[in-house]
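Asks:
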């Protein structure tokens, strides 16, 4: 704020400015956030960086030197040796290919779906808006499996794929490799774009579009000139999430890519980590973090050049759906077909397999409920383990998972929104940029590394100048919470940022003039207006914590088991069917929560917007 | 060597300048990496002074009885087992039934996570795991855990007497698994389509051999390394001559017949999958006209009956590769050493004829290491299978060069 009165002396002005900085709760929150993020994110990152420069005991024999000494061995090997092409360049190019294509496809699908759901008079909206998010809840390996069930060729033997059994010869390039991977990942990750864009669209006052209509603009023009720019921040947020997730993912790429020897940086990273070449794996993770940072930076430049995207203004909002007219039935049919293939097929395959005594044998006699409710008396099945509902650990795992996902989902979302608030208000300023970059790092630190570093950090009391700040958290629920909240902060804060960017500054300013303090403004104005984004953010975290295994398995003690751990146990014990059963339970929980949030959230959102 | 020394001196100076701890920790090993002496042997034979924990736990005592240990274990109350096998839950149940008053808490976790977790916990002074069940696939457990005194071998004499001395030199073995070549017995009623290992590098099997990418994880990495060390290269060379009648000519960059074999295997475009299960399914599914052959974990044989497959193992000449030996260790500094010992004795089949702790592991596709325990019904006797010797130091020294070699192949 510029002082209007020039009579103030410079020193007095400085004093006032300083006072404003120190007493402003916003600045205090920013400070606390930066300190916490530095501690929880920068320290682990530094740990990783120093690991890549420290010679490991196991590499002493190949490189010479002393274990624990400073070394350039790993970076030199990765960046400037005869291995560089195979280890880094090719995989990196493949990663960028997958990342870019998946982003384009997923954002297109997600945004179009969001627009159809929110802004048009599409029929069966309630059903569609529930269905649209399901693909994200189904584990991605399940979709790759469905893909292979459909397109498998003779190349890999086993039971024939569906098309092959019909006599259709699918070319290998379609069945395996980049095309398959891009399709499956796009169908998985369009959820980010959908969730973010639809909550942005929801908050757009349709008067903006109607004004365009009055001026004589066509639908396409309105879409291009009014709607699109308004949801651009949400779309760019989604691009970052999708791109980083697509370059960081491993399961689908290994499953569909390995058959044609298609390797990306993430699969190289994972392979090195599984081969206990931790340093090389960390170095690769750092390279991926750099790529993601660049994309965040580009995003900041793109959005930063535009001044305001505030769509939640002080005036009453109204939303009139756009008529689809003659295309309505066609669009409806296309959507139904899309959901049939993208949702119903993978789920049906998953459910069917959980009832099949022997895998791959499709007959009535082969159906069984043993994996669900078997008592463990048949020693030849599941190595004598009982079905999931009879497993004494099941209830325990269920409770732990629910506790973990709800507590972490809520904590994570709150922090995410606060950080989103900082990023939005601090946009274009140094602290905003710093926080935005920082918060993104955990996303690309491999779970096992992240879990390991946190385990080490918090297994001892944390002291500063001899004062114990944090006691040893080993084996506590608090440690599980801290680790998973920080790891999933990128989701939450992304959702928070695009959410907060839409809230017009004048609302807060008006409240400030009326005498409302910072906290009052946050609780009474910012928070209620951002409920939609809050719920989207919560769902993003909830779903991914529910599925999390690698991160949590390091932190948990033998007594705290969770549902993904149970699924792992069954898979490890040669009973994929029971593992599928657990996956179905997980999916059902996530779906139920989403359905509730959707219904509850919608009702609330409508109220807060003044109907 | 001179260069090595100069390098060493330079690094030492740098290390001393940087940190004293790193110097103290690493110096003794790096000075002469070739002749690592197992400090445990000296300690066990009374030549070296014992650490307080070694003293109090009596880790080198090998002649205690189950009853003595049970009494001591009851005072400790519990024992925590980290295991790579889902069957550890069965073992724990049997243990808890046999030894009331001592509770065994099993934790089923995969190799990588297990090592990461136990190492991090150990370094942070959290002594959670008492017993670890894992495989020393590339010799790193021996070289980085046993020699560094993070893990201990507990080798009760009465049980060790029944185990081949070669197997228990650097580890306490539990049971053995293999990576075997499998074929579809329905499509090949006359027996295996290949027997000599070089046949899989011939054009007939181009693009029709399945395996996991050796770079995928440490167990496949160790397995391919096994062909390049010890007696394997010489055996491979002889087998090549036997098959083709010609001497093997090594390509550029191939140090020995092992590397040459890997190169030709790679050039024959094997199909990589993401898991052993996929290979078993691809090879073993009935009703295929032209099924592939594939390398996978021998334990997949167990799924034959469950899934109505017709997987059959091939006893390759000259070798089917190195074995994957499941091993058990006591973690240094653990709080329940007596219960840990009791559990290890129980897992290894005990001395009283009650093998309920061992039975869960004794299944088709796994072989017991004890000469007084019969393998599961239907197993080929281990002695009839062509298996290379597992030398932890050879594998440990060569796994990374071999991985790099494979990486460069593409």
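Chains as they are written, first to last, in this note's numbering: chain L, 1 to 611; chain F, 1001 to 1410.
Note that CB positions come from ideal geometry on N, CA and C, so glycine has one too.
Keep in mind that this is a model prediction, so the values were computed, not measured.
#1: Going along chain F, which residues have a C-beta under 8 Å from residue 455 of chain L?
#2: Can you find the residues in the same chain that come closer than 6 Å, C-beta to C-beta, to residue 21 of chain L, ignoring five residues on each side of it along the sequence?
#3: Tell me, please, whether the CB atom of residue 164 of chain L is closer than 8 Å to any CB atom in chain F?
#4: If residue 586 of chain L and residue 547 of chain L are in contact, beta carbons under 8 Å, what's the gap, nearest whole angstrom?
#5: Report buried or exposed for residue 9 of chain L, applying the criterion of at least 16 other Cβ atoms within 10 angstroms of its Cβ.
#6: Could you tell me which residues DSSP pairs with residue 1173 of chain F in its beta bridges?
#7: Using beta-carbon positions only, say whether residue 97 of chain L and residue 88 of chain L come within less than 8 Å of one another.
#8: On a CA-only basis, which of F:1197, F:1231, F:1128 and F:1171 is nearest residue 1242 of chain F? Give me that one, please.
#9: Specify whether the region 245-255 of chain L and the region 264-271 of chain L touch according to this definition: at least 3 beta carbon pairs, one from each stretch, less than 8 Å apart.
#10: Could you list which residues in chain L have their beta carbon closer than 9 Å to that of residue 1128 of chain F, in chain order?
#11: Would you say residue 1106 of chain F faces chain L, with C-beta separation under 8 Å as the test?
#12: Buried or exposed for residue 151 of chain L, going by 16 or more other Cβ atoms inside 10 Å?
#13: Once the 5 residues before and after residue 322 of chain L are set aside, which same chain residues still bring their CB inside 8 Å of it?
#14: So which residues of chain F does residue 554 of chain L contact, with C-beta pairs closer than 8 Å?
#15: Count Cβ pairs between the region 194-209 of chain L and the region 532-548 of chain L that sit closer than 8 Å; are there 3 or more?
#16: Determine the extent of the beta strand (DSSP E) in which residue 151 of chain L is found, giving its start and end residues.
#17: With distances taken between CB atoms, is the gap from residue 582 of chain L to residue 543 of chain L smaller than 8 Å?
#18: Let me know the secondary structure DSSP gives residue 1084 of chain F once reduced to three states.
#19: Could you run through the region 64-81 of chain L and flag, in chain order, every residue whose CB is less than 8 Å away from some CB of chain F?
#20: Using 8 Å as the Cβ pair cut-off and three pairs as the minimum, do the region 414-422 of chain L and the region 280-300 of chain L touch?
#21: Which runs of the alpha helix (DSSP H) spanning at least 4 residues fall entirely within the region 1320-1407 of chain F, listed in chain order?
#22: Measuring CB atoms only, is the region 488-504 of chain L touching the region 463-476 of chain L, in the sense that at least three cross pairs come out at less than 8 Å?
#23: Let me know the secondary structure DSSP gives residue 1184 of chain F once reduced to three states.
#24: Rounded to the nearest angstrom, how far is the Cβ of residue 1221 of chain F from that of residue 1214 of chain F, given a contact under 8 Å?
#25: By the 10 Å Cβ neighbour count, where 16 or more other Cβ atoms means buried, how is residue 295 of chain L classified, buried or exposed?
#26: Name, please, each residue of chain F whose Cβ falls closer than 8 Å to the Cβ of residue 271 of chain L.
#27: Taking all protein chains shown into account, do 16 or more other C-beta atoms lie within 10 angstroms of the C-beta of residue 290 of chain L, making it buried, or fewer, making it exposed?
#28: Kindly say whether residue 1194 of chain F, judged by its beta-carbon, lies nearer than 8 Å to any beta-carbon of chain L.
#29: Under the assumption that residue 1174 of chain F contacts residue 1361 of chain F (Cβ atoms under 8 Å), give the Cβ distance between them as a whole number of angstroms.
#30: Can you grab the Cα-Cα spacing for the pair residue 47 of chain L / residue 39 of chain L, in whole Å?
#31: Suppose only complete runs of 4+ residues qualify. What are the alpha helix (DSSP H) ranges in the region 494-576 of chain L, listed by chain order?
#32: Distance cutoff 8 Å, beta carbons only. Does residue 259 of chain L sit that close to anything in chain F?
#33: With DSSP as the reference, label residue 1162 of chain F as helix, strand or coil.
#34: Taking a Cβ distance cut-off of 7 Å, strictly less, list which residues of the region 1296-1315 of chain F are near chain L, in chain order.
#35: Can you confirm whether the region 1323-1335 of chain F touches the region 1120-1139 of chain F when touching is taken to mean that 3 or more C-beta pairs between the two stretches lie within less than 8 Å?
#36: May I ask which residues mark the beginning and end of the alpha helix (DSSP H) holding residue 219 of chain L?
Replies: Let me spell this out:
#1: 1117, 1120, 1121 and 1124
#2: 27
#3: no
#4: That belief holds up - the Cβ atoms of residue 586 of chain L and residue 547 of chain L are roughly 7 Å apart, short of 8 Å.
#5: Around the beta carbon of residue 9 of chain L, fewer than 16 other beta carbons lie within 10 angstroms, which makes this residue exposed.
#6: F:1327
#7: no
#8: F:1197
#9: yes
#10: Chain-order list of chain L residues neighbouring residue 1128 of chain F: 474, 475, 557 and 558, by C-beta distance under 9 Å.
#11: yes
#12: buried
#13: 119, 120, 121, 209 and 219
#14: 1113, 1116, 1117 and 1120
#15: yes
#16: That residue, residue 151 of chain L, is in no beta strand (DSSP E); its alpha helix (DSSP H) goes 140-151.
#17: no
#18: In the structure shown, residue 1084 of chain F sits in coil (DSSP, three-state: anything other than H, G, I, E or B).
#19: 64, 65, 66, 67, 68, 69 and 70
#20: no
#21: 1337-1347
#22: Verdict: no, contact absent.
#23: strand
#24: Their Cβ separation, rounded to whole angstroms, is 6 Å, which keeps residue 1221 of chain F and residue 1214 of chain F in contact under 8 Å.
#25: Looking at its Cβ environment, which holds 16 or more other Cβ atoms inside 10 Å, residue 295 of chain L is buried.
#26: 1213, 1215, 1216 and 1217
#27: exposed
#28: no
#29: 6 Å
#30: 12 Å
#31: 505-513, 518-521, 531-547, 550-555 and 563-572
#32: yes
#33: coil
#34: 1302, 1303, 1305, 1306, 1307 and 1308
#35: yes
#36: 219-222
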